[in-house]
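Student:
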Amino acid sequence: MAVPKFDKFLTPVLLCLSDGKEYSIKETIEYCIRYYALSEDDINEKLTSGSSRLKDRVGWARTYLKQAGIIKSKRRGIYQITDEGSDLISTKKEISPKDLLEYPAFQSFLNRKNGCGSSEINTKEVEILEFTPTEQLERAVITLNDELATRLLEMIQKKVSDYEFEKLAIRLLIHMGYGEFQYNKNAVTQKSKDAGIDGIISSDKLGLDRIYIQVKKWHSNNKIGRPVLQSFLGACYNNDAKMIFITTSEFTADAVEFASSLEKTGKKMVLIDGRKLAKLMIEYNFGVSVEKTYFIKKIDTDFFDEYE
């Protein structure tokens with residue numbers, strides 16, 4: 001099963017603490033893993049930031065419970081159920097965020113979180129979000145980058161000629177760490193001698209492993225089919241050839257299947273369509289610039305250790 005949404009961890013976290021003893025963060029997470037019989041894949045699932053999705057969701061479940069006064073933490077990383085929590089778990093088999101609205105402390109928390117004064121919000125109408133704040137931020141970044149990728153492709157189609165697009169693709173690969181660190185204008189083959197290969201680049205600085213590049217600037221409604229890939233393969237005469245095919249368009253299902261089948265023969269052909277190309281440009285800050293940076297901060301526990 002996939003990792004449940006963070007509100008689904010309210011019940012197991014409270015059940016873990018229901019005997020009145022103190023439990024660590026690690027112990028509450030382990031209880032939740034057993035409660036939902038989560039797989040190794042579920043446990044190891046990451047946010048785009050690289051942090052654990054499971055820990056993030058269980059963490060926000062603890063935050064909601066603590067803000068409602070249902071659990072407490074007298075020491076860092078250690079949690080215990082309160083009398084209110086014991087009463088709740090004895091009367092409810094399944095706890096939802098709406099149950100927490102019965103607690104004034106949680107109402108105040110939501111008011112603060114939504115930037116409202118204590119009397120400015122009807123807590124019965126508060127929308128309990130499906131995702132944790134970390135995931136909301138992550139999804140917002142994905143949405144912004146998807147829109148940026150669309151505009152990037154439009155800009156390439158409008159501003160970049162077919163031949164200049166070949167050079168753009170090679171420059172991107174070099175920017176990603178292939179070949180020399182400096183742009184090598186000789187990497188792009190002459191137009192009159194294309195023969196299905198638009199560029200040859202090395203995967204290392206010494207040029208010991210060559211990669212053949214084919215680039216096609218086509219409109220999105222003109223998909224790359226299997227015959228085009230077969231022609232590219234024919235031009236790459238090495239038995240163990242490594243190939244990258246880059247297009248502003250898309251690949252047909254038949255073309256994708258053909259590229260995948262090459263691995264059985266010792267060859268490898270990586271396909272980069274328009275959306276993937278734009279996402280790589282965004283990831284490697286190629287053709288884009290940073291407009292604004294947000295910093296997510298946390299408590300510096302080492303700073304406060306000296307006061308204990």
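For the sequence shown, the UniProt record's numbering assigns the number 1 to the initial residue and increments by one for each residue that follows. Idealized CB from N, CA, C, for every residue including glycine.
Could you check where the beta strand (DSSP E) with S73 kicks off and where it finishes?
Tutor: Note, S73: beta strand (DSSP E), 71-75.
Student: Going along the chain, which unbroken runs of the beta strand (DSSP E) with 3 or more residues stay wholly within the region 190-271?
Tutor: Listed in chain order, the complete beta strand (DSSP E) runs (minimum 3 residues) inside the region 190-271 are 199-202, 210-216, 242-247.
Student: Grab the span of the beta strand (DSSP E) containing I78 for me, first residue to last.
Tutor: Here the beta strand (DSSP E) through I78 covers 78-81.
Student: Would the region 7-25 count as touching the region 75-84 if we require 3 or more Cβ pairs under 8 Å?
Tutor: Because the criterion of three Cβ pairs below 8 Å is met, the region 7-25 and the region 75-84 touch.
Student: Can you pull the DSSP bridge partners for K46?
Tutor: According to DSSP, K46 bridges with S52.
Student: Can you list, in chain order, the residues of its chain whose CB lies under 7 Å from that of S203, leaving out five sequence neighbours each side?
Tutor: Once the five neighbours on either side are set aside, the close Cβ partners of S203 are Y178, D209, I211.
Student: Below 8 Å on the Cβ atoms is my guess for L100 versus Y64; work out the distance and round it to an integer in Å.
Tutor: Contact flag correct, Cβ pair sits at about 6 Å.
Student: So, for L144: in the same chain, excluding its five sequence neighbours on each side, which residues have a beta-carbon less than 8 Å away from its beta-carbon?
Tutor: Result list for L144: empty, nothing under 8 Å.
Student: What would DSSP say about V284, mapped onto helix, strand or coil?
Tutor: The sequence given here has Tyr at residue 284, not Val. Residue state, collapsed to three classes: coil.
Student: Look at A149 and A278 and say whether their C-beta atoms are less than 8 Å apart.
Tutor: Yes, they are a contact pair.
Student: Taking T134 and L47 to be in contact with their CB atoms under 8 Å, please state how far apart those CB atoms are, rounded to whole angstroms.
Tutor: Right, the Cβ-Cβ distance comes to about 6 Å (below 8 Å), so this counts as a contact.
Student: Where does S96 sit, in a helix, a strand or coil, going by DSSP?
Tutor: Looking at S96 - three-state DSSP - the assignment turns out to be coil, as it is neither helix nor strand.
Student: If you draw a straight line from the alpha carbon of P104 to that of A68, how long is it in whole angstroms?
Tutor: Each residue's alpha carbon lies about 7 Å from the other.
Student: Do you know how far the Cα of K268 is from the Cα of L262?
Tutor: Approximately 6 Å, taken between the alpha carbons.
Student: Excluding the 5 residues preceding and the 5 following H175 in the sequence, name in chain order all residues of the same chain whose CB lies nearer than 7 Å to its CB.
Tutor: So the list reads Y284, F286, once near-sequence residues are dropped.
Student: Let me make sure I understand the geometry here. Which of L233, I296, Y307 has the alpha-carbon closest to that of S49?
Tutor: Of L233, I296, Y307, the residue nearest in Cα terms is I296.
Student: If we call anything under 8 Å between Cβ atoms a contact, is Y246 one with V215?
Tutor: In the sequence on display, residue 246 carries Ile and not Tyr. Yes, these two residues count as a Cβ contact at 8 Å.
Student: Select from C236, H219, N222, K223 the residue whose C-alpha is nearest the C-alpha of I213.
Tutor: Per the Cα distances, C236.
Student: Roughly how many angstroms separate the alpha carbons of A259 and I244, rounded to a whole number?
Tutor: Their Cα atoms are separated by approximately 10 Å.
Student: Measuring only the C-alpha atoms, how far is D254 from L137?
Tutor: Near 37 Å, if we compare the C-alpha coordinates of L137 and D254.
Student: At what residues does the alpha helix (DSSP H) containing T134 begin and finish?
Tutor: It spans 133-159 - the alpha helix (DSSP H) in which T134 sits, taken as one unbroken run.
Student: Can you tell which of R226, F165, W218, F131 has its C-alpha closest to the C-alpha of D198?
Tutor: When only C-alpha atoms are compared, the closest one is F165.
Student: Taking the alpha carbon of Y31 as the point to measure from, which residue in E40, E45, K292, V13 has its own alpha carbon closest?
Tutor: It is V13.
Student: To the nearest angstrom, how far is the alpha carbon of L152 from that of K158?
Tutor: For L152 and K158, the distance between alpha carbons rounds to 10 Å.
Student: I'd like to confirm the pairing. Which residues does DSSP put opposite Y23 in its beta bridges?
Tutor: Looking at the DSSP assignment, Y23 forms a beta bridge with Y79.
Student: Looking only at its chain, what residues have a beta carbon closer than 6 Å to the beta carbon of Y35, apart from the 5 residues adjacent to it on each side?
Tutor: Once the five neighbours on either side are set aside, the close Cβ partners of Y35 are P12.
Student: Might you give, ordered along the chain, the residues of its own chain that have their beta carbon closer than 7 Å to the beta carbon of F9, omitting 5 neighbours on each side?
Tutor: Within the same chain, F9 has close Cβ partners C32, R57, V58, A61.
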